[in-house]
Each structure stands twice: as C-alpha cells, then as structure tokens.
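Participant: Sharing a structure with you now.
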Amino acid sequence: MQLALWTYEGPPHVGAMRVAAALRDVHYVLHAPQGDTYADLLFTMIERSDRRPPVTYTTFQARDLGSDTADLFRAQLRDAAERFRPAAMLVGASCTAELLQDDPGGLARTAGLSMPIIPLELPSYQRKENWGAAETFYQVVRTLAAAGEMPPALDTRPSCNVLGPTALGFRHRDDVTEITRLLERLGIRVNVVAPLGASAADIACLPAADFNVVLYPEIARPTALFLERSLGQPYTRTIPIGHQATREFVIEVAALAGVDPAPGLNPAEGRAPWYARSVDANYLTGKRAFIFGDATHALALARVAASELGFEVVGLGTYTREFAREVRAAAASYGQEAIIADDYLEVEAAIERAAPEIVLGTQMERHIAKKLNIPCAVISAPVHVQDFPTRYSPIMGYEGANVLFDTLTHPLMMGLEEHLLHMFREDFEFSGDAVPSHLGTANAPASPAAQSPADFAESEPVIMAASWADEAEREVRKIPFFVRAKARRNTEKYAETHGISVITLDTLYEAKAYYAR
Amino acid sequence: MNAAVLPVSEGLDTILRERGQREVFCGLTGIVWLHRKMQDAFFLVVGSRTCAHLLQSAAGVMIFAEPRFATAIIGERDLAGLADANAELDRIVAELLARRPDIRVLFLVGSCPSEVIKLDLSRAARRLSDSIPGVRVLNYSGSGIETTFTEGEDACLATLVPGLPVSTDGADLLVVGALADTVEDQFRRLFAAMGVVRVGFLPARRAAEPPSIGPHTRFILAQPFLAETARLLAKAGLKRISATMPLGAEGTRAWFTAIAGALDIPPSRVQEVTEIPYRRAESALRRMHAHLSGKSIFFFPDSQLEIPLARFAANELGMRLTEVGTPYLHRALIAEDLARLPTGITLSEGQDVERQLDRCRAIRPDLTVCGLGLANPLEAEGLTTKWSIELVFTPIQGFEQAADLAELFARPLRRRARLTV
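Residue numbers (this note's numbering), protein chains in the order written: chain A, 1 to 517; chain B, 1 to 421.
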C-alpha cells in the first residue's frame, strides 16, 4: 500500500479514455462499478469538451457480484454497439472489474459484433494513466493499421504521421497545429495525426507515411517502435520544445524526409532568442528554477530554462518512472540529483530545500509554490481548466518558444522593479514583502498563516546550526522576500563552514561578498 | 437495459425504475465536504488509484493543499498476498498520524476494491482504536458497488450513532445531516429563540465531541439521504420528526413547525420567531419568480435532494416539473415533500443514462439539473443546465439561503438570455 494525498496520474483506464476520446469513431465499453463515471467530468469540465467521452460503463453493484456481472457486460456491450455504431470497439476493465476476472476481451470476441474488437489489458494495480494511454494507442494501431487498406497516395511529397496527442493533454491541441504548419513549411505532408482527431480509417492509413513524428514519447513511443519494427518507418527523437530544440527537430525531420531544412530554420516569428538577448532580460540571469513534470516536459523545460533564458536549474524531476534514466542524466548535467517521485509531499520537501525563485511544474507544484509563496508556471500535466486557454497557445515549435518565454518570465519580478525594491527596501508602500506589481495583490501573502520563503527556511532544522543576532535578523528581514530565503540560507551555510555560532551583521555581509555572483 | 414502469398512488402518475449506466458519483465523494465539516477527523480511503483520482477530481481544483483525506492505494503486492494488508494499513496509519497529531477521529473508508477483496476494515478499525491512544478509529464503506454519492455521508454518520453519549440531560433535539456552518448557526439562533436550548447537530464540528442523546431526544433530518442513520437512531429509541426538508421559505418554516409540534412549543411561538426571516425569504423568492415562473425543469438523479428540490421549484418558484430523477426513493423520509409534489410528472428512480438523455432531449426543458459529466455536452446541444453538485456544495438550507437556492436555478437562465454570442 502507498499513502497518496494527491496523485500525478490517474489509473490506466483513464489513459485509455484519453485515447478513446481523442479518436473520432471508436467506443470504449468499460467494465466498472458505479462511480467510475467521475472520469467523464475530466473531459467535459477540465477540457470543456462539448461531447461526453465515448465510454459506456457497465455500472455493476454489490448485488451483481458473483452472479451476472459478465451478463451485464455483454448486455451493455450490445447496447453500446447498437446505439453508437462505432468503427471499432475498445473493451476493458477498471480496477474493481479487474478483480472479478470476467475477461471483457473474451466476452466481446464471442459477442458477434461486426466491428473490430480491441481488448485492453491494463493492470490497474501496477500501472498508471500514461502507460494506459500508450498501451491503448499501441493496441489500436496494432489492430487497425495492420488490417486496413490504403488508398493510393496521389501526393508525391514526403510524408509523416504525427503521433502522441490525446484528449486532456497539456497543450496538445495547439502543439499539433504548430508542428503541422512547420512540417508543411518544409514541404512535408502530414499523413495522419493520431490519436487526436483520427478516425479508425485514418489509423489504417498510418503505414502510408515515410516516417513518424513522436511528439509525446510517454504516449507514442511503443506505437512508434512497433511501426518502425513492422513497417520500417523511422521516428523522430527530438522534442520540439524551445527554440534550439525546434531547430534540431527541423534538421532531423528534413533529413528523414530528404528535404532542405532551410525554410524551417530562421522563421520571422522566432522572437524568443532576441527577447532573451535583450538587455531587459539581464535580470533573468541565474534565476533559480525548480522543474518537475512528466519526463518530456521536464527535460525540455530544463533545457529552455538553462540555455534559452539563462536560469539556473536548482532541481529537476519527474513522476514518469519509465523515463527516470533520461531525467537522471539531464539532472546530473545541471549538477543536481533528479527527483523521481509520484509523492507530492516528497516534491514539496525538495522544493523547500532548493529554495527556488521560480517553480516550473504541474498543477500540483502550482499549489506547493502558492503555499511557499514562490512564483510558478505550469508546464506539464496533470492539468487544470486554466491549462486549456481559449487563445492559441502551443508550447512546441517557434511560437511555442515565444509562449514559453512569456510563461516563464511573467510570474517573476521585472528587472527595474527588483532593483528599486533592493534600493528602497524600507519604503512603507514598497515593503520587502511586495509582490510583482503587474500581478496585483492576488499573490500577496494572504494570511499570517501563509508561510513565506523565510519561514520555511527557518523551519529547516539542518541549517539552524548558527543563531542570528538581533541586528542581523532585522537586516535580513529588509531583504525582499524573493531573495531572502537564499540570503538566509547562504549566510547560515557560510557561518557553518566558517565555524561561526552567532550570525552578526558582519557575518551577513561577509557571506554576501563570499557568494557574490 | 431493463426498465419497469409501475403505477403508484400518492398523486404521482408514474415511477420509472431503470437499470443501466449510472452517471453518478460513488459514496467516497462525501469525503469532500465531510472532511471540512469535522475539523478533527481524517478520512483514509483504502482503495485504488482510481479512488484517489476520483477524490482529487471531485474536489475539483485541488483547493486544499493538504486535505484531511488520503488514499491508501492497494498495490499488486497487497493483492498477491505478499504484503499483509493489515500490517501495511497499520504502517500507513502510523505515518499519517505522525504527520497530523491534531487528528482525533480517523475514518477508514472502504472502497470497491477493498470490498471485493474482502478486506475487513471493521476489524482493522477496532485493532487500531485499541492500539492508538487518543484516536478513535471508525470505518464505513463509500464504495460504488454499495453507495451512491450522498449515501457516503449516510454511511459515515451511521458509524457515529453507536458512539453518541447517552445521558438523561442529552439533547432535546438532534439535527441530522451535514449543514454549512453558517446554516447551523442560523438554526441554533432560531432554536434558542423558540426556547429549544439543548440542540445537538450530527455530525458535530469536532467529531471527538459528539452531541449526547437521551431517551427523550427527538431527531429530525436536515438532509433527505440519511436512511441508515435514521434507522439506527430509531433503533436506539429516538423518535424521528417528519417534515419537509428545510429548503425555501415554506419548506424551512414547515420544518421548524414540525419540530415545535414535536417538542410541545406553541405554534404561535414558531410563527413569531420565524416571521421576520420567513418574510425576508418569501419576498426575495417573489422577486425570482419573474425569471423562473412557468419554466420547465428536468432533474437527473444525483444526490437524493431532487424530490425536495422539485417541491421547492414547483411550489415556491412556480417552475414546471417534467421528470424528477433520484438515485433512490426513500418514501418514508421524504413523505412530506413527496406529498406536496404536483401531479402529472414523471418520477424516476435509478438510471439508464442514455435513455434518460433521450427523454430529456425530447422534452427540451428550460433548465436541466444534471452532473458535471453531462452539463457541457447538453449545453452544446442548446439546453440550459445547472450542475447538481453545486446544490450539495452550497449552503441552500434555511430561510436566509432560500433566495441563494433560487438563484442557482435562475442564473443559468439569466446568463443564457444575456449572452449574445
């Protein structure tokens, strides 16, 4: 058993639902008890979907156990097939039904339905949402891509499929648009985007493409590997998040397609690098960033933060255990030890220890950051209604790099404002606890109970070796809150390594000189 | 699936009983409000990742950074019997209580998987209660195979009944059902003015300080879905006061009047005490009539509040009822509300969501009260909806909230009229 307060991923059948809801004409009959229908609201409320996910739940109850849960499944399957007439039928069990061992796949195969049946075996007690999505996508492709007949290609341009986007994905909708435009600019035809927006017939056409673009390896890698193995379609490894990675992606796809990369290398809309070099952005140098998310987004954002914004990566981690190796290697390159965890309390503790100036994370980290009063930007699933903005807002491609520049800098204090705060820190309207003026009062320390960074630094027993003299304590409180924790930490570390037991005003300034950038 | 139409008496034309896909939450969802209501209680669900995910999603936006609920997620090792589930549970409870020393009552909450694998949580609760000083450990099931949405609160409160202290100076009146703190405070003031001093509320704000009862105690439901709790209280010798649910001006006054009748308080006293808030509520409701009178309303089953709400909508707002769905119909508990329903409506119990959607589309009501999974898709079809969960998560009981409740129905209609896009 594992104690969980919040979870980063749902159960694997929710991953299957994300694939089913992304596809246009499949239906999913899920053997599940009453209550599992809660998952519908993820789609209708968080993503504001205007249709229910194409899922029928068998809704068995205690009184059905041991008698006719299999009959119930058969009846619901028949009703769903008749009512929805899908092009393919996914069948499977949620966690409770898995214990009943009714074998939905076997029952469906003998039900005499006319459409292809895709049985899903998703072990709920071992696996999680992204794995479930990946396995479902793989099973859909394996069943439908092998069976289908392809229309002859009239278009002679090189072509690719775009794999991985699903319902409820973090910015998937806009990433697909952005990357499709980029590929078309290179003269590459997008054959099929899947699963998002694809029909069963589209899936059957996957083999017609020359290669595959994998946007979200957590979901698409098993499918891409299968298509490579069975059809010899190569697939892309570069994730086009950030300006440099997008350029590398262009070079990679151009090589696979045998086209000239030049039209995709220096687009006019690529404004982020110039903004980063602008003198105004000097204040971003060395900002301490803590990054946590799914592996793809965490890895990409670490690179963007470090080399495209000039931040310092002070923490990097993921809840995607399947990609732990890659994240460990990347963290090591930033001199950090990766956090591989799906326990948000562990992540919270790591954030407290790292005392970052900005957190790039999921909705979970947004809550942690709010509690600790640290600016935060959401860069990965799990998602929230706000992560589905009305406006076009990709994070992939060149426009995505622009979006990221804004997303990662807007929560921060602006350069001149930060200087003024340092200079006139005792202005009564301008206290050290002031929040960035453009963010209004919404983020102001809400109540005396809310912890400020200084407070959590104080609650760290490890670094309380030296005590603070009153005068030094008063001085440290004049430091604006967003750097106070760091100043305090550095001073205490300095005191500890120099054998100082009482931190005086001098110790404070000696430490400041010692750690001067 | 199968549907049965039964002719019934009591002025209702039909009761439609259906079996099929239910678009409702399971009983675990009650934890979302119960953990806020009982400030010294912690709810530990023993279940799967799905249970944890449900609670997270139902709590909507993860509003509480560290909630007083959690899930002990059963893993493969627990199923394979490699790990002794009881030892694992003890370890997790110890871990939890070390983090939260303020917890006085711990609920072990059973789920679908824990029920199916027959994990005996009542034994675990007794064992843990005995071994942890200062913490009472109780258990109930919020599993979807046994409970629907608000039945989770019923199961939770039912576990509290045997622990209510019995004394001869116990409460004269026990109000049963979780109410918003503000509503509880308003009711306390009205009771005091009526001369009812010894009033207990179940659940109490601190689970470790339950109200005491005696042989003389009368109880009344403030929520309609508490069948098991009511049964146990009756079994303990307490007499139930039957009344409409305290919704709207009329409903609330009838509720107080029934209490007064049972406690031998003269009707004139009730009239006097409730007159001002009643008038206030009534005139506020009259203003809402312009928006709501004559509008048709369709209820999908959700919380079992549907029948009392339908009574309010029809009789106090002048709305036209079409179909009123409820997950379960406990006739005795809502007899007063049922009796006041107009004729010519369809009452449905249980659900086959696809068929019910067909009926709703055919009727095209002015307002459809339904769950979050259905609301946006119906809006996209041009229907105006009200999320039913808001009727559970918002203070709607009592005189002062009557207009707020009406506003919940009026706002979607007003919004629809206002938007030109």
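All C-beta atoms, glycine included, are put in the ideal place defined by N, C-alpha and C.
On the premise that M396/A lies in contact with L215/A, defined as a C-beta separation below 8 Å, what is that separation, rounded to the nearest angstrom?
Facilitator: About 7 Å separates the two Cβ atoms, so the contact holds.
Participant: Helix, strand or coil for P33/A, going by three-state DSSP, please let me know.
Facilitator: Note: P33/A maps to strand in three-state DSSP.
Participant: In its own chain, which residues sit with a C-beta less than 6 Å from the C-beta of R271/A, not counting the 5 before and 5 after it?
Facilitator: If we look at R271/A and ignore the five residues flanking it on each side, its Cβ neighbours are N402.
Participant: Report yes or no: is there a C-beta of chain B within less than 9 Å of the C-beta of P522/A?
Facilitator: Any property of residue 522/A remains undetermined from this structure, which presents chain A solely from 1 to 517.
Participant: If the cut-off is 7 Å on Cβ atoms, which residues from the stretch 377–389 of chain A count as contacting chain B, listed in chain order?
Facilitator: Per Cβ criterion, the list reads H384.
Participant: At a CB-CB cut-off below 7 Å, which residues of chain A make contact with H330/B?
Facilitator: Near H330/B there are no residues of chain A at all, since even the closest Cβ is about 17 Å away, more than 7 Å.
Participant: Just how far apart, CA to CA, sit A450/A and A369/A?
Facilitator: For A450/A, the predicted model reports a pLDDT of 35, less than 50, meaning its position is unreliable; a value from the coordinates is still stated below. If I take the Cα positions, the gap works out to 11 Å.
Participant: Please classify K37/B as buried or exposed, where buried requires at least 16 neighbouring CB atoms within 10 angstroms.
Facilitator: K37/B comes out buried.
Participant: Within 10 angstroms of its Cβ, does E18/B collect 16 or more other Cβ (buried), or is it exposed?
Facilitator: Buried.
Participant: Which same chain residues end up closer than 8 Å to I463/A when comparing Cβ atoms and leaving out the 5 residues on each side of it in sequence?
Facilitator: Its pLDDT being 43, under 50, I463/A is placed unreliably in this model, and the value from its coordinates should be taken loosely. So the list reads A457, R489, E492, K493, E496, once near-sequence residues are dropped.
Participant: From what residue to what residue does the beta strand (DSSP E) around W387/B run?
Facilitator: Note, W387/B: beta strand (DSSP E), 385–387.
Participant: Along the stretch 34–46 of chain B, where does the CB come closer than 7 Å to a CB of chain A? Name the residues.
Facilitator: Residues: none.
Participant: Give a yes or no on whether the minimum CB-CB distance between A380/B and chain A is below 9 Å.
Facilitator: Chain A, which has a Cβ nearer than 9 Å to the Cβ of A380/B, makes this yes.
Participant: Give the range of the alpha helix (DSSP H) segment to which N315/B is assigned.
Facilitator: Where N315/B is concerned, the enclosing alpha helix (DSSP H) stretches over 306–317.
Participant: With DSSP run on the structure shown, which of helix, strand or coil describes A450/A?
Facilitator: With a pLDDT of 35 at A450/A, under the threshold of 50, the modelled position of this residue cannot be trusted; read the value that follows with caution. The answer is coil: DSSP assigns A450/A none of H, G, I, E or B.
Participant: To test your reading of the DSSP string, which unbroken alpha helix (DSSP H) runs of 4 or more residues are found completely within the stretch 57–124 of chain B?
Facilitator: With a minimum length of 4 residues, the continuous alpha helix (DSSP H) runs that stay inside the stretch 57–124 of chain B are 76–79, 85–99, 112–116.
Participant: Could you check if A332/B is buried or exposed, using at least 16 other CB atoms within 10 Å of its CB as the buried criterion?
Facilitator: Flag for A332/B reads exposed.
Participant: Give the straight-line distance between the Cα atoms of A513/A and A487/A, rounded to the nearest whole angstrom.
Facilitator: The alpha-carbon atoms of A513/A and A487/A are separated by roughly 11 Å.
Participant: For Q126/A, is the classification buried or exposed, using 16 other Cβ atoms within 10 angstroms of its Cβ as the cut-off for buried?
Facilitator: Exposed: under 16 other Cβ atoms inside 10 Å.
Participant: Report the rounded CA-to-CA distance for Q356/B versus V26/A, giving the unit in angstroms.
Facilitator: Whole-angstrom Cα-Cα distance: 22 Å.
Participant: With respect to the alpha helix (DSSP H) encompassing G261/B, which residues constitute its N-terminal and C-terminal limits?
Facilitator: Here the alpha helix (DSSP H) through G261/B covers 248–262.
Participant: Using the beta-carbon count (16 or more within 10 Å), is P7/B buried or exposed?
Facilitator: Note that P7/B scores a pLDDT of 41, beneath 50, so its modelled location is shaky and nothing firm can be said.
Participant: With 16 as the cutoff for other CB atoms within 10 Å, does A339/B come out buried or exposed?
Facilitator: A339/B comes out exposed.
Participant: Can you give, in chain order, each stretch of the beta strand (DSSP E) that sits fully within the stretch 192–232 of chain A and has at least 3 residues?
Facilitator: Taking only runs of at least 3 residues, the beta strand (DSSP E) segments lying wholly in the stretch 192–232 of chain A are 211–214.
Participant: Any chance you could list the beta strand (DSSP E) runs of at least 3 consecutive residues sitting entirely within the stretch 377–413 of chain A, in chain order?
Facilitator: Runs found: none.
Participant: Span of the alpha helix (DSSP H) holding G15/A?
Facilitator: Element bounds for G15/A: 12–22.
Participant: Identify every residue that forms a DSSP beta bridge with T326/B.
Facilitator: DSSP, once it has assigned bridges, lists E349/B as partnering T326/B.
Participant: Compute the beta-carbon to beta-carbon distance between L374/B and F300/B, rounded to the nearest angstrom, for a pair I have assumed lies under 8 Å.
Facilitator: The pair is a contact, with the Cβ atoms about 7 Å apart (cut-off 8 Å).
Participant: Look at the alpha carbon of P377/B and the alpha carbon of A310/B, and state the distance between them as a whole number of angstroms.
Facilitator: So the alpha carbons of these two residues sit roughly 23 Å apart.
Participant: Measuring only the C-alpha atoms, how far is P113/B from R99/B?
Facilitator: Approximately 26 Å, taken between the alpha carbons.
Participant: Opposite Q397/B in the DSSP bridges: which residues?
Facilitator: In the DSSP output, where bridge partners are listed per residue, Q397/B has L247/B.
Participant: Got a sec: is the Cβ-Cβ distance from N376/B to anything in chain A below 9 Å?
Facilitator: Taking Cβ atoms only, chain A reaches closer than 9 Å to N376/B, which makes this a yes.
Participant: What would DSSP say about I374/A, mapped onto helix, strand or coil?
Facilitator: Reduced to three states, the DSSP call for I374/A is coil.
Participant: With distance defined between alpha-carbon atoms, name the residue in A298/A, D175/A, A330/A nearest to L360/A.
Facilitator: Answer by Cα proximity: A298/A.
Participant: What does L157/B pair with, by DSSP beta-bridge criteria?
Facilitator: Its beta-bridge partners do not exist; DSSP assigns none.
Participant: Tell me whether Q363/A sits in a helix, a strand or coil according to DSSP, three-state version.
Facilitator: It is helical.
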